[in-house]
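Novice: Structure provided below as structure tokens; questions to follow.
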Amino acid sequence: MEVLFFGQLTDLTGVTTLSCDHVADTDQLMTQLKEKYPALANATFMVAVNNRMITGNTVIEPGSKIAIMPPFSGG
Amino acid sequence: MIMGKEKSYERYQRQLILKGFGEKAQDALLASRVLIIGAGGLGCPLVQYLVAAGVGHIGIADHDKVSLSNLHRQILFGTDDIGQFKVDVVKRKMQQLNPEVEIHVWQEKWSHQHCVDHFPSYDLIVDATDNFASRYMINDAAVLMNKTVVFGAVSQYEGQVAVFHHLQKDGKRSVHYRDLFPEPPANGEVLNCSEAGVLGVLPGIVGSVQATEVIKLITGLGEPLSNRLWNYDALTQEVFILQLLHHPHAHEKMPGTIEQFLTTDYEWLCQVPQAAIKEIDLLEWQENHSEDWLVDIREPYEQPRLGIWAEARGIQLLELPLSALENKLSSLAGKNVVFVCQAGRRSLQAASLKMKMDQSTSVCSLKGGVNELVAKNMI
Chain Z
13 MEVLFFGQLT
23 DLTGVTTLSC
33 DHVADTDQLM
43 TQLKEKYPAL
53 ANATFMVAVN
63 NRMITGNTVI
73 EPGSKIAIMP
83 PFSGG
Chain L
174 MIMGKEKSYE
184 RYQRQLILKG
194 FGEKAQDALL
204 ASRVLIIGAG
214 GLGCPLVQYL
224 VAAGVGHIGI
234 ADHDKVSLSN
244 LHRQILFGTD
254 DIGQFKVDVV
264 KRKMQQLNPE
274 VEIHVWQEKW
284 SHQHCVDHFP
294 SYDLIVDATD
304 NFASRYMIND
314 AAVLMNKTVV
324 FGAVSQYEGQ
334 VAVFHHLQKD
344 GKRSVHYRDL
354 FPEPPANGEV
364 LNCSEAGVLG
374 VLPGIVGSVQ
384 ATEVIKLITG
394 LGEPLSNRLW
404 NYDALTQEVF
414 ILQLLHHPHA
424 HEKMPGTIEQ
434 FLTTDYEWLC
444 QVPQAAIKEI
454 DLLEWQENHS
464 EDWLVDIREP
474 YEQPRLGIWA
484 EARGIQLLEL
494 PLSALENKLS
504 SLAGKNVVFV
514 CQAGRRSLQA
524 ASLKMKMDQS
534 TSVCSLKGGV
544 NELVAKNMI
């Protein structure tokens, strides 16, 4: 399973991609990510599983790609 | 063709001969009215391509003047244009590019009232702004007034484009910005171009993608980025397109009526809470912050000046008037600073600006300002 970080979230994580062991759902993944990167807890972002945005806890199939996308303000 | 002139035919000939384009698409463009809010990195390529393509009427709003730090990305402007209102330069250059297009400009800051007064007369609204307060204001107004928004934004090396609140074939509207992010991020969490930097060519790419979406929406060509977020990374040249969904909480935090919209303070919603700014008194400044840069943000005419006094005491002093601070914030990057003004109020504003730029350094505001220094006979 692969987690992709976008925009200025990479300043918080220090990486753009993270390979991690499979977890059952997105809630579990977020708990793990916030433990690993505590600054994520105060960040604004949306989550997509295999390029589909989610609005609540979602089952993660093995080998999925999870995108963590913050808002951009620049213009 | 509406224009019906041989000259017009020649102007648009290369797109007229495209399969699926033709006179019908050109007539649709010539009859359309597009409003672009922001004449910066995104607004420049947008207005250039839309004027060139023959959009009949374009409205464009921006209250900024051209500055030197704009020119690495806002390549519609030249060095000679520095100090002029951006929209005045846009109008002059776009009339030269295509005199058949009508251009209306707004030189003032785009407000709630502008949305309410002008959105109804436009077919499409283009968000080419550079801050969350404007983005949420434009989004909410467009949702309340049933307008489609072509959204674009950049961050350092990355860009996003989407078509929001677009009427679908099934009669429903596509997602809007609050479906992605129901509430604005805390101020300082996401930095804009002046704070975080941007690759000059990036807004050119992103603004051009927005212009492409505008042309597609007007002509009905192709599939617009409705319910999809186009995400581009210049460093990898990778494009991610995310499928978007309506968020169950999207409407909880937005005004439900035009009346509520008009009284919503978007600047405030997107601001650093004042409580987060550290105010220090003279004693604390002497004990803990005397090594920091003291930044005097008063205008040059405000007295007494601090130069000689600071030099005699080995205090590192910078004079940066608040009016110019926003454009010069980068000169304070990485520095621990104490802001000072006459009475200690404007220095709070300055501290808030600096905190938006970087939170890794110490930022304080001197309580009571220069008046306090004078009162305590320190100067």
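Protein sequence lines, in the order shown, are assigned to chains Z and L.
Count the first sequence with my numbering and you get residues 13 to 87, in order.
Count the second sequence with my numbering and you get residues 174 to 552, in order.
Backbone N, C-alpha and C fix where the C-beta goes; we use that ideal spot for every residue, glycine too.
It should be emphasised that the depicted structure is a prediction, and the values quoted were computed from it without experimental measurement.
#1: Please report the Cβ distance between L/A523 and L/Y439, rounded to the nearest whole angstrom; I am assuming they are in contact, meaning their Cβ atoms lie under 8 Å.
#2: From L/D343 to L/T436, what distance separates their C-alpha atoms?
#3: Any beta carbon from chain Z within less than 8 Å of L/N404's own beta carbon?
#4: Which ranges would you report for the alpha helix (DSSP H) in the stretch 20-64 of chain Z if only whole runs of at least 4 residues count?
#5: If you draw a straight line from the alpha carbon of L/L418 to that of L/L546, how long is it in whole angstroms?
#6: By a C-beta neighbour count over all protein chains shown, 10 Å radius and 16 as the cutoff for buried, is L/K197 buried or exposed?
#7: Start and end of the alpha helix (DSSP H) containing L/D200?
#8: So which residues on chain Z does L/S328 lean against when the C-beta distance must stay under 7 Å?
#9: Taking a Cβ distance cut-off of 8 Å, strictly less, list which residues of the stretch 302-322 of chain L are near chain Z, in chain order.
#10: Any C-beta of chain Z within less than 8 Å: which residues of the stretch 371-389 of chain L qualify?
#11: How would you label L/W611, buried or exposed, when you count the other beta carbons within 10 angstroms and need 16 or more for buried?
#12: Under DSSP, the alpha helix (DSSP H) around L/V382 begins and ends at which residues?
#13: Less than 8 Å separating the beta-carbons of L/V274 and L/V260?
#14: Check whether the stretch 263-270 of chain L touches the stretch 405-417 of chain L, counting contact only when three or more Cβ pairs, one atom from each stretch, lie closer than 8 Å.
#15: Z/M81 touches chain L at which residues, Cβ-Cβ below 9 Å?
#16: Tell me, please, which residues DSSP counts as bridged to L/Q268.
#17: Using a Cβ distance threshold of 8 Å, determine whether the stretch 230-240 of chain L contacts the stretch 315-334 of chain L, with at least three qualifying pairs required.
#18: Does DSSP put L/C288 in a helix, a strand or coil?
#19: Give me whichever residues DSSP pairs with Z/E14 in a beta bridge.
#20: Let me know the secondary structure DSSP gives L/R351 once reduced to three states.
#21: Between Z/M58 and chain L, is there a C-beta pair that is closer than 8 Å?
#22: Note down the Cα distance separating L/K192 from L/I388, rounded to an integer number of angstroms.
#23: Give the DSSP-derived three-state secondary structure of L/C217 in the structure shown.
#24: Closest to L/T541 by C-alpha separation, out of L/I391, L/F292, L/S503, L/V511, would be which residue?
#25: For the stretch 187-215 of chain L, enumerate the residues whose C-beta is nearer than 9 Å to any C-beta of chain Z, in chain order.
#26: Between the alpha carbons of Z/M42 and Z/I72, how many angstroms are there, rounded?
#27: Taking Cβ-Cβ distances shorter than 8 Å, what residues in chain L pair up with Z/T38?
#28: What are the boundary residues of the alpha helix (DSSP H) that includes L/K320?
#29: Going residue by residue through the stretch 404-465 of chain L, where are the continuous beta strand (DSSP E) segments of at least 3 residues, counting only ones entirely within it?
#30: Taking DSSP as the reference, what is the three-state secondary structure of L/W482?
#31: Is L/D253 buried or exposed, if buried means 16 or more other CB atoms sit within 10 Å of its CB?
#32: Run through the DSSP bridge pairs and tell me what L/R346 is partnered with.
#33: Helix, strand or coil: how does DSSP classify Z/F84 here?
#34: Check whether the Cβ of L/Y330 sits closer than 7 Å to any heavy atom of the ligand ZN, and report yes or no.
#35: According to DSSP, what are the bridge partners of L/V513?
#36: How would you call L/Q186, buried or exposed, if buried means at least 16 neighbouring beta carbons within 10 angstroms?
Specialist: On the basis of the coordinates in this document:
#1: Translated into positions along the second sequence, residue 523 of chain L becomes position 350. Translated into positions along the second sequence, residue 439 of chain L becomes position 266. No, L/A523 and L/Y439 are not in contact; Cβ-Cβ is about 21 Å, not under 8 Å.
#2: Locating residue 343 of chain L in the second sequence gives position 170, where the first residue counts as 1. Locating residue 436 of chain L in the second sequence gives position 263, where the first residue counts as 1. Spanning the two alpha carbons is a distance of roughly 33 Å.
#3: Locating residue 404 of chain L in the second sequence gives position 231, where the first residue counts as 1. L/N404 counts as touching chain Z.
#4: 21-25, 38-48
#5: Counting from 1 along the second sequence, the entry for residue 418 of chain L is found at position 245. Counting from 1 along the second sequence, the entry for residue 546 of chain L is found at position 373. The alpha-carbon atoms of L/L418 and L/L546 are separated by roughly 57 Å.
#6: Here the question's residue 197 of chain L lines up with position 24 in the second sequence. Burial call: exposed.
#7: Counted from its first residue, the second sequence places residue 200 of chain L at position 27. DSSP places L/D200 inside the alpha helix (DSSP H), whose first and last residues are 195-203.
#8: Taking the first residue of the second sequence as 1, we reach residue 328 of chain L at position 155. Simply G19, Q20, F84, G86.
#9: T302, D303, N304, F305, R308
#10: Within the stretch 371-389 of chain L, those residues whose Cβ lies closer than 8 Å to any Cβ of chain Z are, in chain order, V371, P376.
#11: A query on residue 611 of chain L cannot be resolved here, the shown segment of chain L reaching from 174 to 552 and no further.
#12: As a working mapping, residue 382 of chain L is identified with position 209 in the second sequence. Per DSSP, L/V382 belongs to the alpha helix (DSSP H) from 374-392.
#13: Here residue 274 of chain L corresponds to residue number 101 of the second sequence, with the count starting at 1. Here residue 260 of chain L corresponds to residue number 87 of the second sequence, with the count starting at 1. Contact flag unset, no.
#14: no
#15: Numbered from its first residue, the first sequence carries residue 81 of chain Z at position 69. Neighbours of Z/M81 on chain L, chain order: Q333, L353, L402, N404, F413, L415.
#16: Residue mapping note: residue 268 of chain L aligns to position 95 of the second sequence, counting from 1. L/Q268 pairs with nothing; no bridge assigned.
#17: no
#18: For the purposes of this step, residue 288 of chain L is identified with residue 115 of the second sequence, where counting begins at 1. Note: L/C288 maps to helix in three-state DSSP.
#19: As a position in the first sequence, residue 14 of chain Z is number 2, starting the count at 1. Looking at the DSSP assignment, Z/E14 forms a beta bridge with Z/S31, Z/K77.
#20: Numbered from 1 along the second sequence, position 178 holds the residue referred to as residue 351 of chain L. The answer is helix: DSSP assigns L/R351 an H, G or I state.
#21: Position 46 of the first sequence, counted from the first residue, corresponds to residue 58 of chain Z. True, the Cβ-Cβ gap to chain L drops below 8 Å.
#22: Translated into positions along the second sequence, residue 192 of chain L becomes position 19. Translated into positions along the second sequence, residue 388 of chain L becomes position 215. Looking at the two C-alpha atoms, the distance is approximately 15 Å.
#23: By one-based count along the second sequence, residue 217 of chain L stands at place 44. If DSSP states are grouped into helix, strand and coil, L/C217 belongs with the helices.
#24: Within the second sequence, the letter at position 368 stands for residue 541 of chain L. For the record, residue 541 of chain L in the displayed sequence is Gly; it is not Thr. Considering only L/I391, L/F292, L/S503, L/V511, the residue with the shortest C-alpha distance to L/G541 is L/V511.
#25: When C-beta distances to chain Z are compared with 9 Å, the residues of the stretch 187-215 of chain L below that value are G211, G213, G214, L215, in chain order.
#26: Stepping through the first sequence from its first residue, residue 42 of chain Z is reached at position 30. Stepping through the first sequence from its first residue, residue 72 of chain Z is reached at position 60. Straight-line Cα distance between these residues: approximately 12 Å.
#27: Working through the first sequence from its first residue, we reach residue 38 of chain Z at position 26. By Cβ distance, chain L contributes nothing, its closest Cβ being about 14 Å from Z/T38, past 8 Å.
#28: The count along the second sequence starts at 1 and reaches residue 320 of chain L at position 147. Careful: L/K320 lies outside any alpha helix (DSSP H) and carries neither H nor E.
#29: 411-416, 451-453
#30: Position 309 of the second sequence, counting from 1, holds the residue named residue 482 of chain L. Helix, per DSSP.
#31: By one-based count along the second sequence, residue 253 of chain L stands at place 80. That one is exposed.
#32: Working through the second sequence from its first residue, we reach residue 346 of chain L at position 173. L/L340.
#33: Residue 84 of chain Z sits at position 72 when you count from the first residue of the first sequence. Of the three classes helix, strand and coil, the one that applies to Z/F84 here is coil, per DSSP.
#34: The model depicted lacks the ligand ZN and carries no ligand whatsoever.
#35: Taking the first residue of the second sequence as position 1, residue 513 of chain L is located at position 340. DSSP output for L/V513 lists L/D469 as bridge partner(s).
#36: The residue given as residue 186 of chain L occupies position 13 in the second sequence. With fewer than 16 Cβ atoms within 10 Å of its Cβ, L/Q186 is classed as exposed.
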